[in-house]
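As given, the protein sequences belong to chains A and B, one line each in that order.
Under our numbering, the residues of the first sequence are numbered 1345 to 1640, in order.
Under our numbering, the residues of the second sequence are numbered 1345 to 1640, in order.
Notes for the one structure printed next.
2 protein chains.
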Amino acid sequence: MKIRSAAPCSVWVRGGRHGSGPRCTNSSCKCVARSSGYWPLARNNSCAAGSLGAYNHVVPTRGDAEARSIIFFEQCVAERLVSMQFYDFRLAPSPTKVRIFLAEKNLEIPTVIVNLRKFEQQSAEFLAKVPSATLPALELDDGTVLVESHAICRYFEELHPEPNLMGEGAKEQALVLMWHDMATLEGYLGIQEVYRNGQEYFKGRALAGPQGYEQIEALVDRGRKRVEVFFDKLDRRLGESPYVALDRFTYADIAAYVYQGFAKRAVGTDPAGGRDNLTRWSEMIAARPAVNTATS
Amino acid sequence: MKIRSAAPCSVWVRGGRHGSGPRCTNSSCKCVARSSGYWPLARNNSCAAGSLGAYNHVVPTRGDAEARSIIFFEQCVAERLVSMQFYDFRLAPSPTKVRIFLAEKNLEIPTVIVNLRKFEQQSAEFLAKVPSATLPALELDDGTVLVESHAICRYFEELHPEPNLMGEGAKEQALVLMWHDMATLEGYLGIQEVYRNGQEYFKGRALAGPQGYEQIEALVDRGRKRVEVFFDKLDRRLGESPYVALDRFTYADIAAYVYQGFAKRAVGTDPAGGRDNLTRWSEMIAARPAVNTATS
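This is the structure:
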C-alpha cells in the first residue's frame, strides 16, 4: 500500500471547459512548483484564486502534451507526490459506484487496491487508516479519510461540478437523493441480505465492518423478496422516466445500475429479465463509455 | 386530509436576513395577488426575480404585523391556498428529523398529520399520493411528491441555505453526508431491527412500506448489538469533535439525536447512559430552541 506524503496534484482531468488538454487540479495550488521538476512549465501554466474549480494548472495542448502529462502524472504517483488516495476493490459494488462517478467526471485519482478476498480491509495497517474496515475510502490531502460511497461522490461533485451528476437546483437534487436512497435502502440492502447470509464465505461476517455478526438464514428469503419488490418498482419508474431520477443520467442511475449488476452476481437472478423498461435502461447505461471503462 | 390546489405562499419564514418581520416565500411568486384578498399589501411588498431565495414577499414589521401575518397564513391554509404540504407524524423518527431541520431554518410548512397508529399511511387516499406508504413526504407546488427525509431536507437546504446545515464546500458536505449515512445505516437500521421484529404490533410488517414482511426473531438480538456498536462509535467521535460531523451543528447531529431518542423508546436503553461524550452532546442538542420546538 502506498503511503501518503505531502504533495501536489491530487486530481487530474483530461480535457475540460478551460482547455482541451489534460489538467491537474489541486486545491492547495502547489502543483506548479512541484511539477517543474518533471516537466518544464508552459507559458499558460497559471493558478487563479477563486472558486475551487479555478485552482487549475493548465497543461498546454501542443502535440504530445497529453501523453507527456500522463507520464508526469505517473511519475508523481511513483514518487509518492500525489497525496489523495482512493481505496478500491473492483469486484465490490460500493467502490464501483465511485469509479463510475469519477469516470463520468473524467477524473483520475491515485488508487490503492485493497483486496477484500484476502481480508486486507482487516489488516492493522488499513484499520489504522479506515477503522470502519469498509470500501471505498478516500484519503484527502490533509489526512482526512472519507468513507461511504455517497459522501465520496458528493466531495467530487462539489470540486468538479461538470458534468452535473447530483441534480441542479432544489428539486433535482432532492429527486436524485430520493432515488439513490430508495435504491440503497430497498434494493441494495435486500441484495446484501441474500448475499451475506447465504454463503459459507461470510460466516460470522454477515454485516460489513470490523465486528462479527452471525448469519441469519431467514434473511436470505426476505432479501430475495425485497430484491423483487425493488426492481419491480424501478421498472415501473423507468416506464415513466428515461433515467432513474431525472430525464438525464445522474448518480441515481449509477447506484441502481451497480446494484442491478450486484444482484446478478449475489442473488443469482438478472433483474432485467422480464422487465422491459429496466432492460432498455440497463443497455443504455452499459453503453456509456465511462461505465464501460469503470466496470470492465 | 387537505387536498392541494394551485396556490400562493408555500413556505413562511419568521424574520430573516432581509427583514425582521415574517415573510412568505413562493417560487412561483403569485402570493402578492392572492394575499390582497386577505390583507392589504404594504408599501414594501415586492417580488424580485433572481435566485429562489429572492422571491420574497416581505411583510411590514409595524406593530402587530406578525400576528396579522400569521392569521393571514392560517387563512391561506384554511382556504386551501397553500399548495406545499408536509406529511408528518410526530412520534415517528424520520419526520422528526425534517421537523427539526425546518425549525432550525425557521421555516413553517403547511402540515398534514398521517396517523401511523391508525394505519392512515395504508389508506387508498394516501397511497395514491405516496405509494411507498412512508413518512415523511413532501408534496411540491407542481404535484411532485418527495419521500425520504434526507431528500426532503436537501430540498429545503437548497431553497433556504441559511443557516447552513449540510456543510459548505466539498469536504464539509462530504463529512456531513458520511456521518449521516453511518448513523442511518449502522444506528437507525439496528434500532429498527429491534423495534419492528420484537413487537406484536409489527407482526407481518417488519419493514416499513406497503409490502408485508414477517418478523425475524434473531434480528432483535442482532439489532441490540448494532445499536451498542454504533453509539460507542458516536461516543468516540464526540470525544474528538463537539458535534457529529463538523465543529458546528449540522444535519448529522439532527439524525444522530433523533436516533438516540428513538433508541430510548424502541430499544428500551438510553444510549447516553455511561457514555460521557454522548451525554454532553445530547444535552447541548436538546437545549437548542428549534429542537425543543420540533420535538415537544
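Backbone N, C-alpha and C define an ideal beta-carbon position, used for all residues, glycine too.
The structure presented is a predicted model; accordingly, all values stated were derived computationally and were not measured.
Where residue i meets chain A, residues with beta-carbon distance less than 9 Å
| i | result |
| --- | --- |
| Tyr1557/B | Arg1566, Lys1569, Arg1570 |
| Ala1436/B | By Cβ distance, chain A contributes nothing, its closest Cβ being about 16 Å from Ala1436/B, past 9 Å. |
Element boundaries [alpha helix (DSSP H), containing residue i]
| i | result |
| --- | --- |
| Gln1517/B | 1513-1526 |
| Glu1584/A | 1562-1584 |
| Asp1597/A | 1595-1611 |
| Tyr1431/B | From DSSP, Tyr1431/B is part of no alpha helix (DSSP H) but of the beta strand (DSSP E) over 1429-1432. |
| Ala1468/B | 1468-1473 |
| Leu1529/A | Unbroken run through Leu1529/A: none, as it is neither H nor E. |
| Ala1477/A | Here Ala1477/A belongs to no alpha helix (DSSP H), and DSSP marks it neither H nor E. |
| Glu1448/A | 1437-1448 |
Cβ of residue i within 9 Å of any chain B Cβ
| i | result |
| --- | --- |
| Met1428/A | no |
| Ala1562/A | yes |
| Leu1551/A | yes |
| Glu1530/A | yes |
| Leu1446/A | no |
Partner residues on chain A for residue i, Cβ-Cβ distance less than 7 Å
| i | result |
| --- | --- |
| Leu1490/B | Ala1518, Met1522 |
Chain-ordered chain B contacts of residue i [CB-CB under 7 Å]
| i | result |
| --- | --- |
| Ala1481/A | Within 7 Å Cβ-Cβ: nothing; Ala1481/A doesn't reach chain B, min ~10 Å. |
| Arg1498/A | Gln1517, Ala1518, Leu1521 |
| Val1573/A | Gln1555 |
| Met1628/A | Under the 7 Å cutoff, chain B gives no residues; its nearest Cβ is about 24 Å from Met1628/A. |
| Ala1495/A | Ala1518, Leu1521, Met1522, Asp1525 |
Chain-ordered chain A contacts of residue i [CB-CB under 8 Å]
| i | result |
| --- | --- |
| Leu1484/B | Lys1515 |
Proximal residues of chain D, C-beta to C-beta of residue i below 8 Å
| i | result |
| --- | --- |
| Ala1477/B | Among the protein chains of the structure shown, namely A and B, there is no chain D. |
Beta carbon proximity, residue i to chain A, threshold 9 Å
| i | result |
| --- | --- |
| Leu1622/B | no |
| Phe1546/B | no |
| Leu1578/B | no |
| Glu1584/B | no |
| Leu1451/B | no |
Opening and closing residue of the beta strand (DSSP E) in which residue i lies
| i | result |
| --- | --- |
| Ala1631/A | Element bounds for Ala1631/A: n/a, residue is neither H nor E. |
| Ile1457/B | 1455-1457 |
| Val1491/A | 1489-1491 |
| Leu1482/A | 1481-1483 |
The region 1500-1524 of chain A: which residues have C-beta closer than 7 Å to a C-beta of chain B, in chain order? Glu1502, Leu1503, Gly1513, Ala1514, Lys1515, Gln1517, Ala1518, Leu1521, Met1522
Counting only Cβ-Cβ distances shorter than 9 Å, please list the residues of the region 1589-1616 of chain B near chain A, keeping chain order. none
Would you check if the region 1507-1515 of chain A and the region 1533-1547 of chain B touch, i.e. whether three or more CB-CB distances between them fall below 8 Å? no
Any 3 or more C-beta pairs closer than 8 Å across the region 1522-1535 of chain B and the region 1485-1494 of chain A: yes
Pull out every residue of the region 1455-1470 of chain A whose Cβ sits closer than 9 Å to any Cβ of chain B, in chain order. none
For the structure I just gave you, are there three or more beta carbon pairs, one from the region 1591-1607 of chain A and one from the region 1440-1450 of chain A, closer than 8 Å? yes
Between the region 1557-1576 of chain B and the region 1560-1571 of chain A, can you find at least three pairs of beta-carbon atoms closer than 8 Å? yes
Touch test, the region 1596-1610 of chain B against the region 1431-1442 of chain B, Cβ-Cβ under 8 Å, three pairs minimum: yes
Any contact of the region 1479-1487 of chain B with the region 1567-1575 of chain B, i.e. 3+ C-beta pairs under 8 Å? no
Segment contact, 8 Å Cβ cut-off, at least three pairs: the region 1549-1557 of chain B with the region 1614-1633 of chain B: no
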